[in-house]
Structures are given as structure tokens and as C-alpha cells.
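Protein chains: 6
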Amino acid sequence: MTDLIEALRQVSTATLASLLLKKHGMRTRQVRDISPLAAGRCRFVGPAVTLRYAPAREDLMAEAMLDHPANPTAPLVDALPAGAVLMVEMGGSLAGGALGDIMVARLIARGAAGLVVDGAMRDVGPVAAMGLPVFCRGAAAAPSFGGVIAVEANGTIGCGGVLVRPGDLVAADEDGVVVLPAHLAAALAEAGLEQERMEGWIKARIEAGAPLKGTYPPGPEVLAEYKAGKP
Amino acid sequence: MTDLIEALRQVSTATLASLLLKKHGMRTRQVRDISPLAAGRCRFVGPAVTLRYAPAREDLMAEAMLDHPANPTAPLVDALPAGAVLMVEMGGSLAGGALGDIMVARLIARGAAGLVVDGAMRDVGPVAAMGLPVFCRGAAAAPSFGGVIAVEANGTIGCGGVLVRPGDLVAADEDGVVVLPAHLAAALAEAGLEQERMEGWIKARIEAGAPLKGTYPPGPEVLAEYKAGKP
Amino acid sequence: MTDLIEALRQVSTATLASLLLKKHGMRTRQVRDISPLAAGRCRFVGPAVTLRYAPAREDLMAEAMLDHPANPTAPLVDALPAGAVLMVEMGGSLAGGALGDIMVARLIARGAAGLVVDGAMRDVGPVAAMGLPVFCRGAAAAPSFGGVIAVEANGTIGCGGVLVRPGDLVAADEDGVVVLPAHLAAALAEAGLEQERMEGWIKARIEAGAPLKGTYPPGPEVLAEYKAGKP
Amino acid sequence: MTDLIEALRQVSTATLASLLLKKHGMRTRQVRDISPLAAGRCRFVGPAVTLRYAPAREDLMAEAMLDHPANPTAPLVDALPAGAVLMVEMGGSLAGGALGDIMVARLIARGAAGLVVDGAMRDVGPVAAMGLPVFCRGAAAAPSFGGVIAVEANGTIGCGGVLVRPGDLVAADEDGVVVLPAHLAAALAEAGLEQERMEGWIKARIEAGAPLKGTYPPGPEVLAEYKAGKP
Amino acid sequence: MTDLIEALRQVSTATLASLLLKKHGMRTRQVRDISPLAAGRCRFVGPAVTLRYAPAREDLMAEAMLDHPANPTAPLVDALPAGAVLMVEMGGSLAGGALGDIMVARLIARGAAGLVVDGAMRDVGPVAAMGLPVFCRGAAAAPSFGGVIAVEANGTIGCGGVLVRPGDLVAADEDGVVVLPAHLAAALAEAGLEQERMEGWIKARIEAGAPLKGTYPPGPEVLAEYKAGKP
Amino acid sequence: MTDLIEALRQVSTATLASLLLKKHGMRTRQVRDISPLAAGRCRFVGPAVTLRYAPAREDLMAEAMLDHPANPTAPLVDALPAGAVLMVEMGGSLAGGALGDIMVARLIARGAAGLVVDGAMRDVGPVAAMGLPVFCRGAAAAPSFGGVIAVEANGTIGCGGVLVRPGDLVAADEDGVVVLPAHLAAALAEAGLEQERMEGWIKARIEAGAPLKGTYPPGPEVLAEYKAGKP
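Chains as they are written, first to last, in this note's numbering: chain Y, 4 to 234; chain B, 4 to 234; chain Z, 4 to 234; chain U, 4 to 234; chain P, 4 to 234; chain H, 4 to 234.
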């Protein structure tokens, strides 16, 4: 797993999405309508741990609290494996923030790699300064129980239009968050590393003045030069 | 249960929503962004049975089929209790229709009272003619597995922004669909019947030319007349 | 005024909008994002009376009630001039219905010509059967005080993106609701009647098989025939 | 072509979308965000003729008129082949109506099979009564030149998120509008007729009380009975 | 007032929103769909001064100008009390920018604490560099009179879905803008200071490795330690 | 042309939009729903070169590739005139990124002044660091052919609601992107320079404490002082 994650860290989400489409016919692996909470803090790769919220109900506030026995959040986060990415289904809700700075402090203490929420976060000022890469739909001052209630940990969720199962590999950078089905991750890493290498070589050529035609995508001559190790 | 449902059938969703707000402080019990599939076919009351969809994944088409052992839809629908309302979480997806005419035929054969989907339906031409009251967000020609996959039956869901638990009472009319927490249904029915009675009496007065002032809401004098059984 | 309204009743909103654009450079006179509550009940012309709602606040419920002295709704509606069109600013809110069946009964008793709300209505089942033409954004079971509070009667409002001042002429049909600045209404009625006449003549020609070219818009020859009273 | 269109008329868009997805991997052939102008008048099949609008510019009003030599609309419509479906790209604009009742009269005179606009129509009261099936995004009183200008006839367009080329087959019913690539139409018609036949047989079984399990989709036994011609 | 504002400056909007919900049952006090114009310049507290815009009308351009006697903007801004927060209702309009750099220069000269607009600003390049914290929905190059017209100063407004009355306390930070009813501000400040203190203590514990369970929210033991002044 | 562009560089888009509205009655010249990819890298002026995408179709992937003879992108970009602004119509699609870092490298090698896309970009991390000012609607990891296909170079397009013709002058800064009809550019530059001069003078006065009244807009006295060259 460590090697796989290390390899995926060297592959952009653009390359992964391109391979998912061309080699596996997958068009819907990018989490929609989210953006990085802190510009420049958006790169991570790790296996998904999932948390699902449902809409809140006014008479269930006690159950929505972190210390209620029925609330799955604290057990999930207190036992989070190091390197995991917490994926949260909020159904786009901006009525309250999914997690605040204390929860993020706990995620950092557990060694989380990243956090993805298809809804709002709160305490985003402090959170942005704490170092954990976070993607979300916006900020809300209200607590989560104003709008949602946690109902399930580590089930199958839909996050920003993407099916996520615990153990899927989640990769993120400036282009966003892409969720790789677990069984495809190794193949994507291998093909991705090769594609990154070739595209870097092509980009250098283009920067040096080569035209798109024949170079990108590479025609037979250019491909031969690439394979021959020419600069 | 039969008496409760019979009573709730005589109370409008407007009255139920008004009581939920005034007596129980509940503001978010109406399913959002749905409308009746067939104008004039929108009234029902019944206990909720729930089905949850997640976004689809291209390589899981087999699991998304009705006859796959992991798909919870057919067992749920084949065993649907008579009088139940099927509440479906689709997360607003219009990429494919949740259910088509054959599924609706089976729901009717099982005696379903209604169907509520926070996403698209398909075969809506035939379905509109089949008699089951349906609320949904729109129509799609594509099958559900083009956009979503069924993942859970009779769990807690969020449907159009409303938390629904199996056994909640669902009431619907032209104003839409309101979900009553099970433990409040009897109190709402009783207070609702009384409110309908008084509002009918007030409306007759207003139609006869009475001003809003003093009549709606009724002032002490008008209230006394109402209690005295005056017309 | 009666003659003006009678004339405007014979002019479609399409013709009025066309004249507003071509003769007066006005592009934004149509109320956006509303539709008729009851199909086929959408035609009226009348002077605007205005009511403005602001968002609600939980501790102001008493002030939001119709019988609170600060609430401007009941005095406005109880004194509504016959033939008036009630224009309501709700800012698009669907959290609660602006008016229900009892209020509509009172509007009908006062002789209102129409009702336009850029938000939700409630009791829409009964309301649709009561005969008053209503345009709104949708239905809500919850009462208005769940989402909004009335703050001003007969001030300048914005309804669906259109500035409305009391006394503006409001015209509605299947294409929607157009608000005519009071000082332009007479000129629009006169030009509109002539345009309707000519377009009816053109339409008959097109239905008889004439090509668009030369006929619509009419070239010199066709125009001469029209002026000469030819069929 | 006549036989093909006749066959496609007997296949629902739901069946066509299902075959497009399962046999051809096509997920995006349904025009989004449109609905029938007149309930119950929405069925047609025919080859596409295309018209593209771009946003309007205030100083180009003359060019936006139907009789301007640069405007491609009148020549296109005056020469429309009988049985064609006019597909209009408006980019979702509701600022003005693409076509009004006179244009629709001309389309009917030319024998058009249908009209699909990913934007507004005007004169929708009269148009709904004229008999041509129309799909659009809404109604606007303002003329098209208030918001858009026609720029090209019979080019490749995007209509409601779907690529349309002249000659593609367009099929519509209550579920919406599906655009069939010309080269796939015959195969879709053939497979579609067979699927309709089988689904009708299955639906009758379900209506008679058969469970989903084993019947829909049909298991080996039920399939054998279907093939054996059993009722 | 100075002490109150000073106290509120030490309380985050997240804490205020949490107290509003838990102690006062208020769920809708955060201005929706706005964000800081300049990252990192978003903190302020002050009493609200209000300005309301309505949609523009093409023939009222003169009235929309700052020097027209009917325009309430210049008198309001020229007399703005030091420390005030200008809250502007624009109904979400992005058709033109509410205020530009000259207006902001005047606000700064008057000692404004902040500016909140539920619509667009213009000259946002210069404005972002001028030091006044501004929240808005976006940028527009066009002047405000292209889309809206100022109609009232210091009335009750709705800004981003929140009722604002002159004198309400407005608090803002990275989580957004929260509007405190004037009569609750002192209680919120007091409770808020205590909550900030306790949450800081809890956060330090969590950062030191404590689990959520028992610590957040604090169980009896941890609470006792907090009250005993343990680190 | 060089002088014109040099002059326009000294005029803000706010000033240009203001002149377009006041002198030319043009309200719709700003590209909607886009923002700068890299904060602080958003200023440019140049003549438009246009590229139009239509929605993709699954069986046309080969045609959507850069090296397919029917794809107009590579010839357009390989021959891009120095100083040009590439304007791309994507119809708002976020399904895939219009251009990635290799394409942007080629645009830079050709001397492009800017890039405007009413849809997504990809490789936005590297692109933001490469120096070309880019406006777009967001980021997508997927390649463009996942959602769109290039169909035409240097035709008339609609980009973010604005008609763009090749040769129109495009001006951009923090307020966004404004498209000037070619025939008005010189007049706008001249009037714009004068307006910038006067507004700078007024702003200095306001910053020095002058009231809005009499100063902005300038009354006769202040205007006389400005014309007399007073500070």
C-alpha cells in the first residue's frame, strides 16, 4: 500500500482522470462542487474512510451530539488509521459546518492525509492554518447539527456525485479530488507514472517552440524520438 | 394505525406543517424540489418504507441490476406492506429514472399508497396513467443504473432535505409531501382535525364578506361565536 | 382607467414586451421564475398594489401573525381596491407559502384581478379551484411566518427581478407577467392593439401557406395589401 | 426513412435510452432541462434540422430581425422538409422567446414533426393550441432579439447538453427528447421493437401479481415461457 | 457599546451561531452566498446601517444616480457613524456592482467597520487593497444602475436571507457574517467568551493526543479538570 | 492597434462597462460566471480569437482528439497571432477541462495575451504558475473530450452570455472580462482615459475627507475646480 500511495503521489489527478476515461470508460470519478479550503494545500493520496450525514430533525439534537451513543463520528475518528482520507457525505448542505477546528485537530493527531466534505466546514479560519488539506463546498458558522446528523460510518456513500467505498484510493491536487476504485489503483499508478513522464517530455518540447501538430499528441516521428531518449 | 391514517387523510399538509412549526418547532419536514407526476393525483397518507441510491460507477452495472443478489430493491418491493409509501433517496439525480412502469405496476399490485423520489422517474407517460400517486423531480428516459445504484433498504435516508426513518408517517397533497415523525403523528392528527374544522368555519365567514381583521386569526368575539356553534 | 384596462386585455404580454423593447428600450419588465398556479387561469390586467416580505426571525413570530398591529397585510388586503393586482416580494423564498386559501378568499371578496408572488403559495389545491388567477414560484405546506415576515405595504418592491411601484399596470397571460410603468400604459395599449391586428392578419396568411420571406415581417408589397384591407 | 421513423414511433425514449446505454455506452443523449409545452402533446420522431442562436448585442438588432439577409432563420424554415424536427440551440436563455405563434404556424404549414428549444418560447398560449409538439425550457413574453441572435442554420449544435447534427434522428415522448446518432438509428429501432414486446409481456405478468424476482428481469424459466409464447 | 463590541471581537462567528441555535433556537442568522473580497480581511463587529436596492428600470437612470435628490445613498454614507457596518440588500444581483472604490474610500473616511452586500461589488482590484473588510457575492464591471436602484436607507432589509434591522450587531470572520438581534448581543458576548475559553482548553488537549470520547464534548471528569484549572 | 491596446490597458473594465452602458446602451458585455485562475494575474487587453466546443458524444472520441483532421484546435493555436486573447465557448461545462498545461505552454510560446473559457480548465496547479492570465469557471481533472468536442475556430460564439466575434477587443482585470465591439473600441479608449483621470482626482478628494454630495458625481463647483487643474 505504501508503495502504491507513493507512486500515486507522483501522478496528477488530470492524468488519473484521463486514464480512467480512456482505459476504463469511467467518466464520473471526480467529486463535484468542492474546492480547497486553503489555496496551495490540496495534495494528498490515501485510502477512503467514510462518514454519512442525513438531514437533521429538530427533536433529534441530542442524537446529533458527538457524545451520544448512536452518533458514529467519534468512534470513527478516534480510530482513524494513519494516512486515511475522511470522505464525508453531506448532500451539499451549507446549513451547518460538518467539522470544526477541534475535530480537525483530532484528525491531525490521528495522522489523516486529507478531508473531503460535499458540504460546509466551520472554523475555517483556524482550520486553514492547521495544515490538513481540506476540500469542501464552503464555510458555515453554524454547527453541523443545525442542518445534518451523522448516521453511518464506513458504509457506501455518495460524495459530490461520486460513489465512495471504504478502501477506495482518493487522490487530490489543484484540479480537485478523484476517487479510484480499489481494484484499479495499481494499474492506474503504473500507467500514470509513464504518462507523466511522456507529458513532461512533450511539455518541454512545446515550451521550446514545437507546434502542437505532430508533438501533442506525439506523431510517429516524435514518439520515436521520445522512445529513443532524445531531449 | 388505520384510524390514525384515516384521520390524517382529512388534514391538509398545510395544517400539518403549521402545527409542526407552531407546536413542535419543526421547520424542515417538507420534501423539497418535487412535484406530482400527474396533476390531481397527489393525495395519500401512509407509513414510510425507504430505499437509498448512491451514485453509479461504470464497472458496477451488474450490481445495479434488479436481479443482482446485492441489489436491495426487488426484495423490498416484493415484500412491501399494503398501504406503505415508498420514499427513495436519489440525491436529486436526473441522470436516470429511479423506477419505471413495471416497478410501478408491482408497487400497485402490493397496494402501495404512494411513491416519493427526490430524483427522476422514467416511463412517466404510462406511469401517470396507472393510478399510483407519485412525486418526483422530473423525468428521464435513461434507466436508473445510468446514474445511480441502490445500496440500502429501510435505513435512515435523506429525501429532498428531509430525514426519513421507516415508519414515519408521510402525508401528501397539492402542497407537497410532509414527513411526520412517528411519535408525533397521533397528536398532529388530533390537533389537525380541530384546526381544519375551525379554518373551514373561518373561510366561510371570509367568503361571506367578513374582513380579515377580527376574523382571521379569530379575535375573542369571533372565537366565542365559533365555540357557540354559530354559522 | 377602465378603458385602458379593457384595451390592454386585448393585447398579449408578448406584444407588450415587444413594444417595451423596441419603442422604450426596456428589457427587464417580465417577472422571472414564476408560473400560473392553475393552467388556463392566467389572464388579467390591473393596477399594482404591493406587499413586501423580509426573511423571518425566530423570535418575531408574533409580529409575523396577521393580527399583530405591526403587520401590514390585513389592513392592505381588507382595503384592496376592486380590480387591483396584488404583487408580493418574497425574494424567491420557498420556505413557506405567502398566502393560503383564506387570504385568497378575502382577495376574491375584495374583487382582486390577480395575485403575483415571487415565492411559494400554500393551500394550492383549494386555491387553484377558487378562480383567482395566481402566479407563483411553487407550493409550500408551511405557513409564511416559517420563512418570511411582512414588512411594508404599497412601497416600491422588486418582484422576480422587476421594479414594481403601486399603480403600475400589470398584465398577465400564458407567457407570464409584464409590469408596465404607469406613464407608458396608454401608449402601449394603443400601439399594442394595432400590432395585434396586423399580426393576426399576418398569421392568417402564413397559415394559408405564405412564406416567412416577405410576409413576416411584412415587406412593402404585403404591407400595402394589409393597409388596403386585403384578406 | 419512412419505415425507420414508423418503427421508432413504436419504441419509447426510455427503451431507446436504455439501449443506447447498454449496447453503445452512450449516457448523454437526452436533452436536459426541457419539458413539453402542452401536456399530452409530446410524441414525435424525425430527422433533425438545426438552428443556432448566440447571445444578442444591443447594436445588432437589425441583424436579429427575420428579414435581415444575414439571418438564417427564414430561409431555413421556409425550406424545412416535411417530417423534420427543428432543434434550436439557445444556451438555456429565458431572456426572450425563440419562436412565437407565427413561426410555429409556418412550421406547421411546412409539415414539421416537432420543435425542441433549450430556451424560452413565446406566445405559448396560442402555440399550445396549434398542435405542433414543442419542448422548451419555459415561456418569455419578450421577443428572441431581446436576448439572442440567430447565427447558423444546419451546423453542429449543442441543445440541452446534447450534440445534434442535421440528420440525427430525434425521438420524443413524455420522458423527454432523445437524439439518436444517424448511424445507430436502424439498429436501435430493431432492438427497441423487440424490447418493447418483451417488456409489455413482463408488465402484464407483474400486473397479474408476479413478483419482481424471476420476472423482471426475466430469469431462465420466465424467459423460456416468453419465448414459448405463453401468456 | 464599545465594551460589547470589544467582547464580541473575541468570539468567533462559529461560537455565536452555535449559541444562537442552542440557546435561542435561531437557525437563520448567517448571511448566505457571500464571501470575503480579500482573503484574510474579513473580521469585524459593529452595528448595522442598512441600504436597500430594488431592480432597476431603464427610464429611471437619473434617479439611480448618486446626486439625484431621491437617491438615499449619499446622505446615508456621508453621515455614517464611525464603527458601523453597512449592510446592503441587492437580492443577489450580479448585473452591476453595488459600490466601487470611490464609495469605499468614503466609507473608510467615515470609519466604517465593514461592508456586506448580497450582490456584486465593482472596482474590486482597488477595493481589495484599500483595507475595508468587504463581503459580497462577486464582482461586476458594470455600475449598479445597470441592474439596481437604491430605494431606502435604514429600513428593515433582507440580506442574503437574513432579516437585518438598523442597530443589529453584525459579526464577521472567515466563517462568514452573522447578524445578532440587538437585544441578544450582550448575552451572546458573555456566553461566547466563556465558550471560547473552554474550547481553547479542549483543543489543546486534543492536540496533545486526547480522544474525542470524553473530551469533546467534555465528560464529567474532563469538565471537573477544566473547572479545577488543570492544563 | 498597438496604440489602442496600450490605451485600453490604462482603463479599468469598470470604466469600460460604465461607458458601454451610458454612451452605447449596452448592458451585456461582461462574461458571466468566470473568475481568474490565479489571483492577481488577470489583466490583459487584446483582440479575440474564438474556439467553439459542442457537447461530446461517446463514439466521437477520435474526432475530439487534437490530432484528428476535423479538430480545429491545433491549427488555430499553432497559428495564433501574438497578443491575441483566446475566447472559448464551452457552454458552462465542468465535465472536463478545456485546456491543460501543454496547451497553455503553446499559447505562451505564441505570445497569447489571455485565455477566457466559460467552462473548466485542467492542470490548474501548473497552469496557475505559468504566467498566462486565465479566466474560467472552475477546474476539472478530466480531459475536455470527456464532456465536449471542438467544432469551429474563429466563428461567432457566445462565451458566458456574451456574443464574441473574432477581432472584438477583450479587456480584463479583477472585475472580470468585458468584450468591446471592434467598432467602438477607439471611442471607448478615449473616453475611458478621460474618465479614469477624473475619477482618480475625485477619489483623492474623497480620501482627503470630501463628502459624496457635490463631489461624486462632481457638482458644478467641483467640476470647475477639476477643469481648472486644482488638486
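All residues carry an ideal CB built from backbone N, CA and C; glycine is no exception. Just so we're clear, the structure is a prediction, and the values are computed from it rather than from any experiment.
Discussion item. Are the CB atoms of ALA131 of chain B and LEU63 of chain B within a distance shorter than 7 Å?
Written reply: Start at 1 with the first residue of the second sequence, and residue 63 of chain B comes out as number 60. Start at 1 with the first residue of the second sequence, and residue 131 of chain B comes out as number 128. Contact: no.
Worksheet item: Between the C-alpha atoms of THR16 of chain P and VAL119 of chain Y, what's the straight-line distance to the nearest angstrom?
Response: Taking the first residue of the fifth sequence as position 1, residue 16 of chain P is located at position 13. Taking the first residue of the first sequence as position 1, residue 119 of chain Y is located at position 116. Each residue's alpha carbon lies about 23 Å from the other.
Item to complete: With 7 Å as the threshold, decide whether the Cβ of VAL165 of chain Z is near any Cβ in chain P.
Response: Here residue 165 of chain Z refers to the residue found at position 162 when the third sequence is read from its first residue. Answer yes: the Cβ-Cβ gap between VAL165 of chain Z and chain P drops below 7 Å somewhere.
Worksheet item: Thinking C-alpha only, which one of B:MET90, B:MET124, B:LEU102 is nearest ALA116 of chain B?
Response: Taking the first residue of the second sequence as position 1, residue 116 of chain B is located at position 113. Nearest of B:MET90, B:MET124, B:LEU102 to ALA116 of chain B, Cα basis: B:MET90.
Discussion item. Just to confirm, is the Cβ distance from ALA10 of chain Y to ALA207 of chain Y under 7 Å?
Written reply: One-based indexing of the first sequence puts residue 10 of chain Y at position 7. One-based indexing of the first sequence puts residue 207 of chain Y at position 204. Cβ atoms of ALA10 of chain Y and ALA207 of chain Y: not closer than 7 Å.
Worksheet item: How many Å lie between ASP178 of chain U and SER38 of chain B at the Cα?
Response: Counted from its first residue, the fourth sequence places residue 178 of chain U at position 175. Counted from its first residue, the second sequence places residue 38 of chain B at position 35. Their backbone Cα atoms lie some 15 Å apart in a straight line.
Worksheet entry | Contacting residues, own chain, Cβ-Cβ under 6 Å from VAL2 of chain B (five flanking each side not counted) | Here chain B comprises residues numbered 4 to 234, so residue 2 of chain B is not present and cannot be evaluated.
Discussion item. To the nearest angstrom, how far is the alpha carbon of VAL225 of chain U from that of THR218 of chain U?
Written reply: Within the fourth sequence, numbered from 1, the residue matching residue 225 of chain U stands at position 222. Within the fourth sequence, numbered from 1, the residue matching residue 218 of chain U stands at position 215. Going by the C-alpha atoms only, they are around 6 Å apart.
Worksheet item: According to DSSP, what are the bridge partners of ALA108 of chain Z?
Response: Taking the first residue of the third sequence as position 1, residue 108 of chain Z is located at position 105. The partner list for ALA108 of chain Z (beta bridge, DSSP) is empty, contrary to what the question assumes.
Worksheet item: Does the beta-carbon of PRO109 of chain H have 16 or more other beta-carbons within 10 angstroms, so that it is buried, or is it exposed?
Response: Counting from one through the sixth sequence, the residue named residue 109 of chain H turns up at place 106. It is Arg, not Pro, that sits at residue 109 of chain H in the sequence shown. Answer is buried; the Cβ neighbour count reaches 16.
Item to complete: Check distances from the C-beta atoms of the segment 76-95 of chain Y to those of chain B and list, in chain order, the residues that come in under 7 Å.
Response: GLY94
Item to complete: Using a cut-off of 9 Å between C-beta atoms, extract the partners of LEU196 of chain U located in chain B.
Response: Locating residue 196 of chain U in the fourth sequence gives position 193, where the first residue counts as 1. Those do not exist, as LEU196 of chain U stays about 17 Å from chain B at its closest Cβ, beyond 9 Å.
Worksheet item: Quick one: is PRO58 of chain P near chain Z, going by C-beta distance under 7 Å?
Response: Counting from one through the fifth sequence, the residue named residue 58 of chain P turns up at place 55. So, interface residue.
Discussion item. With a threshold of 7 Å between beta carbons, is PRO146 of chain Y in contact with chain P?
Written reply: Looking up residue 146 of chain Y in the first sequence gives position 143. Interface residue, yes.
Worksheet item: For THR18 of chain U, is the classification buried or exposed, using 16 other Cβ atoms within 10 angstroms of its Cβ as the cut-off for buried?
Response: Locating residue 18 of chain U in the fourth sequence gives position 15, where the first residue counts as 1. The residue in question, THR18 of chain U, is buried, as its Cβ has 16 or more Cβ neighbours within 10 Å.
Item to complete: Look at the Cβ atom of PRO136 of chain Y, then the Cβ atom of ALA87 of chain Y, and state whether they are nearer than 7 Å.
Response: Counting from 1 along the first sequence, the entry for residue 136 of chain Y is found at position 133. Counting from 1 along the first sequence, the entry for residue 87 of chain Y is found at position 84. No, the Cβ-Cβ distance between PRO136 of chain Y and ALA87 of chain Y is not below 7 Å.
Worksheet item: With VAL154 of chain Z and ALA57 of chain Z assumed to form a contact (beta carbons below 8 Å), what rounded beta-carbon distance in angstroms separates them?
Response: Position 151 of the third sequence holds residue 154 of chain Z. Position 54 of the third sequence holds residue 57 of chain Z. Between ALA57 of chain Z and VAL154 of chain Z the Cβ distance is about 5 Å, and since that is below 8 Å, they are a contact.
Discussion item. Tell me the residue span of the beta strand (DSSP E) that contains THR53 of chain B.
Written reply: On the second sequence, residue 53 of chain B is found 50 positions in, with the first residue counted as 1. Taken as a continuous stretch (DSSP letters only), the beta strand (DSSP E) holding THR53 of chain B covers 47-58.
Fill in: Neighbourhood of GLY149 of chain U by C-beta, 6 Å cutoff - its chain only, sequence neighbours within 5 removed
Start at 1 with the first residue of the fourth sequence, and residue 149 of chain U comes out as number 146. Contacts found: ALA98, GLY99.
Worksheet item: Do you know whose CA, among P:ALA67, P:GLY114, P:SER96, lies nearest ALA85 of chain P's CA?
Response: Along the fifth sequence, read from residue 1 onward, the residue named residue 85 of chain P stands at position 82. The shortest C-alpha separation from ALA85 of chain P is found at P:GLY114.
Worksheet item: What three-state label does DSSP hand ILE11 of chain B in the structure shown?
Response: If you number the second sequence from 1, residue 11 of chain B lands on position 8. It should be noted that the sequence gives Leu, not Ile, for residue 11 of chain B. LEU11 of chain B: helix per DSSP, three-state reduction.
Item to complete: Would you kindly work out how many angstroms separate the C-alpha atoms of ASP121 of chain B and ALA213 of chain B, rounded to a whole number?
Response: In the second sequence, counting from the first residue as 1, residue 121 of chain B sits at position 118. In the second sequence, counting from the first residue as 1, residue 213 of chain B sits at position 210. Straight-line Cα distance between these residues: approximately 42 Å.
Worksheet item: By DSSP, does SER96 of chain Y sit in helix, in strand, or in coil?
Response: As a working note, residue 96 of chain Y is residue 93 in the first sequence. Correct three-state label for SER96 of chain Y: coil.
Discussion item. Between which residues of its own chain and MET133 of chain H is the CB-CB distance below 6 Å, once the five residues before and five after are set aside?
Written reply: Within the sixth sequence, residue 133 of chain H is the residue found at index 130, counting from 1. Only VAL107 meet the Cβ criterion.
Discussion item. Could you give the first and the last residue of the continuous alpha helix (DSSP H) run that contains GLY128 of chain Z?
Written reply: Taking the first residue of the third sequence as 1, we reach residue 128 of chain Z at position 125. GLY128 of chain Z -> alpha helix (DSSP H) spans 127-131.
Item to complete: Pull up the distance between the alpha-carbon of GLU92 of chain H and that of GLY170 of chain H, whole angstroms please.
Response: Along the sixth sequence, one-based indexing puts residue 92 of chain H at 89. Along the sixth sequence, one-based indexing puts residue 170 of chain H at 167. GLU92 of chain H and GLY170 of chain H: Cα-Cα distance of roughly 16 Å.
Practice prompt. Identify the continuous beta strand (DSSP E) that holds ASP176 of chain B and give its terminal residues.
Written response: Against the second sequence, residue 176 of chain B aligns to sequence position 173. 172-176 is the span of the beta strand (DSSP E), which, as asked, contains ASP176 of chain B.
Discussion item. Against chain B, does ILE152 of chain Z count as a neighbour if the rule is that its beta carbon must be under 7 Å from one of theirs?
Written reply: What you label residue 152 of chain Z is simply residue 149 of the third sequence in a count that begins at 1. At a cut-off of 7 Å between beta-carbon atoms, ILE152 of chain Z makes no contact with chain B.
Item to complete: Quickly, what does DSSP pair VAL118 of chain Z with across the bridge? List them, please.
Response: Reading the third sequence from its first residue, position 115 is the one you call residue 118 of chain Z. Val is not the amino acid found at residue 118 of chain Z; the sequence shown has Leu there. Bridge partners of LEU118 of chain Z: Z:LEU89, Z:VAL137.
Item to complete: Pick helix, strand or coil for ALA194 of chain B, following the three-state DSSP scheme.
Response: Sequence index remark: in the second sequence, residue 194 of chain B carries index 191 (1-based). Helix at ALA194 of chain B.
Discussion item. Judging by CA-CA distance, which residue of U:LYS230, U:ARG32, U:GLN13 is the nearest neighbour of ALA185 of chain U?
Written reply: On the fourth sequence, residue 185 of chain U is found 182 positions in, with the first residue counted as 1. Comparing Cα positions, the closest option is U:ARG32.
Worksheet item: If you draw a straight line from the C-alpha of PRO75 of chain P to the C-alpha of ALA175 of chain P, how long is it?
Response: Within the fifth sequence, the letter at position 72 stands for residue 75 of chain P. Within the fifth sequence, the letter at position 172 stands for residue 175 of chain P. Distance between the alpha carbons of PRO75 of chain P and ALA175 of chain P: 26 Å.
Worksheet entry | ALA166 of chain B (DSSP reduced to helix, strand or coil) | Taking the second sequence and counting its residues from 1, the one referred to as residue 166 of chain B is at position 163. It should be pointed out that residue 166 of chain B corresponds to Leu in this sequence rather than to Ala. In the structure shown, LEU166 of chain B sits in a strand (DSSP, three-state: E or B).
Discussion item. Which of the three DSSP states is assigned to GLY179 of chain Z in this structure?
Written reply: By 1-based counting over the third sequence, the position of residue 179 of chain Z is 176. GLY179 of chain Z: strand per DSSP, three-state reduction.
Worksheet item: Hey, out of Y:GLU210, Y:LEU196, Y:ILE205, whose CA is closest to PRO221 of chain Y's CA?
Response: Counted from its first residue, the first sequence places residue 221 of chain Y at position 218. Checked all of Y:GLU210, Y:LEU196, Y:ILE205; the closest Cα to PRO221 of chain Y is Y:ILE205.
Worksheet entry | Best match in Z:PRO223, Z:MET4, Z:GLY28, Z:ALA42 for proximity to VAL127 of chain Z [C-alpha to C-alpha] | On the third sequence, position 124 is the one that residue 127 of chain Z refers to. Checking every option, the nearest Cα to that of VAL127 of chain Z belongs to Z:ALA42.
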